[in-house]
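Reading through the structure tokens given below for one structure.
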Amino acid sequence: MISFLSRSVVRSLIKNDAIEMEKAEVYQYGFEILFSSITTFLIAVLSGVLLHCFTAAMLFFVIFATFRQICGGYHANHYWSCNLLFLLVINAVLVVYRFFPTDSFTTMHYIFLSVSLLIICAYAPVENENKPLNAKQVLLFRKISRIIAILLTVISCLINILHSPYVKLIDSTFLAISVSILVVGLKERREYNEKCKEEHFEDCCESRCKKC
6 MISFLSRSVV RSLIKNDAIE MEKAEVYQYG FEILFSSITT FLIAVLSGVL LHCFTAAMLF
66 FVIFATFRQI CGGYHANHYW SCNLLFLLVI NAVLVVYRFF PTDSFTTMHY IFLSVSLLII
126 CAYAPVENEN KPLNAKQVLL FRKISRIIAI LLTVISCLIN ILHSPYVKLI DSTFLAISVS
186 ILVVGLKERR EYNEKCKEEH FEDCCESRCK KC
């Protein structure tokens, strides 16, 4: 649906000489990102309204979108599956925020933060194949991601002292983002190890052939 809508808009722009034919793919990708972002925002709004926690839903969206821009994360193969996954994640986080007792969350608070920080420090940022990063960008985003993670941890700890229910939202959002990063990070590490093995195997074969 998003791809179809984006193609329709691009065709209309080309027909009206608003853009050049050579740049059609670039504009289509841009519109796909725009429409996908609008869809996720509407999902956040609807989830917040239905679960009677609109402010919490908007806070989730801001934290999630900010981290995704800096740290990256898992991307599904299709926009519909990506939006479905976002729907499941935001509703899971909002259910924890709304219904899990704040007084019983203390242990989970420290577990969520510890796991999330370890993952961010070990794997962030992870690359999107459509937006590859150069060496300087990787170093920059790594520093920024760690700074944001530390600030979010400090804020969460301060809120926890006040026994505010928002500590559940922040910690759950932080963990959801970290798990998304972990999935991609483990995949990248596995692919890197396989590539190294293949190169090592080829070097061994080449050296043996030279000896023969």
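First residue of the sequence shown? That's 6 in the working numbering, and the numbers climb one at a time after it. Where a beta carbon is used, it is the ideal one built from N, C-alpha and C, also for glycine.
Pairwise C-alpha distance: L99 and A61: As a first step, residue 61 must be located in the sequence shown, where it is residue number 56. As a first step, residue 99 must be located in the sequence shown, where it is residue number 94. Roughly 7 Å separates the two Cα atoms.
May I ask you to report which of helix, strand or coil DSSP gives E25? Position 20 of the sequence shown, counted from the start, is the residue given in the question as residue 25. Correct three-state label for E25: coil.
My output table needs one value for N133: the three-state DSSP class, helix, strand or coil. Reading the sequence shown from its first residue, position 128 is the one you call residue 133. Here N133 sits in strand by DSSP.
Taking its Cβ as the centre, do 16 or more other Cβ atoms sit within 10 Å of V121, making it buried, or is it exposed? The residue given as residue 121 occupies position 116 in the sequence shown. Rather than Val, the amino acid found at residue 121 in this sequence is Ser. So S121 counts as buried.
Note down, one range per segment and in chain order, each alpha helix (DSSP H) of at least 4 residues found wholly within the region 15–74. 29–55
For R12, which residues from the same chain have a beta carbon less than 7 Å from its beta carbon, with the 5 sequence-adjacent residues on both sides left out? Position 7 of the sequence shown holds residue 12. Same-chain partners within the cutoff: Q33.
Look at the Cβ atom of L93, then the Cβ atom of A81, and state whether they are nearer than 8 Å. Position 88 of the sequence shown, counting from 1, holds the residue named residue 93. Position 76 of the sequence shown, counting from 1, holds the residue named residue 81. In this structure, A81 does not lie closer than 8 Å to L93 by Cβ.
Delimiting residues of the alpha helix (DSSP H) encompassing Y102: Here residue 102 is taken as the residue at index 97 of the sequence shown, counted from 1. Segment Y84 to F104, the alpha helix (DSSP H) holding Y102.
Quick check on the DSSP output: the alpha helix (DSSP H) that includes M113 runs from which residue to which? Taking the sequence shown and counting its residues from 1, one reaches residue 113 at position 108. Unbroken alpha helix (DSSP H) run through M113: T111 to Y128.
Figure out for me which residue from R195, L144 and K173 has the closest Cα to the Cα of L64. By 1-based counting over the sequence shown, the position of residue 64 is 59. Comparing Cα-Cα distances from L64 to each of R195, L144 and K173, the minimum goes to K173.
Counted within 10 angstroms of its Cβ, other Cβ atoms place Q119 as buried (16 or more) or exposed: One-based indexing of the sequence shown puts residue 119 at position 114. Just to set this straight, residue 119 is Ser in the shown sequence, not Gln. Result: exposed.
Supposed contact pair I186 and A129 - C-beta distance, whole angstroms, cut 8 Å: Position 124 of the sequence shown, counting from 1, holds the residue named residue 129. Position 181 of the sequence shown, counting from 1, holds the residue named residue 186. Contact flag correct, Cβ pair sits at about 6 Å.
List the whole-angstrom C-beta distance separating L163 from F179, where the pair is believed to meet the contact cut-off of C-beta under 8 Å. The sequence position of residue 163 within the sequence shown is 158, counting from 1. The sequence position of residue 179 within the sequence shown is 174, counting from 1. In fact, because the Cβ distance is near 14 Å, the residues do not count as touching under 8 Å.
Verify whether the separation of the beta carbon atoms of H114 and D176 is less than 8 Å. Here residue 114 is taken as the residue at index 109 of the sequence shown, counted from 1. Here residue 176 is taken as the residue at index 171 of the sequence shown, counted from 1. Yes, they are a contact pair.
Alpha carbon of L191 to alpha carbon of Y171, nearest angstrom: Working through the sequence shown from its first residue, we reach residue 191 at position 186. Working through the sequence shown from its first residue, we reach residue 171 at position 166. L191 and Y171: Cα-Cα distance of roughly 30 Å.
Is Y197 helix, strand or coil by DSSP? Here residue 197 corresponds to residue number 192 of the sequence shown, with the count starting at 1. The answer is helix: DSSP assigns Y197 an H, G or I state.
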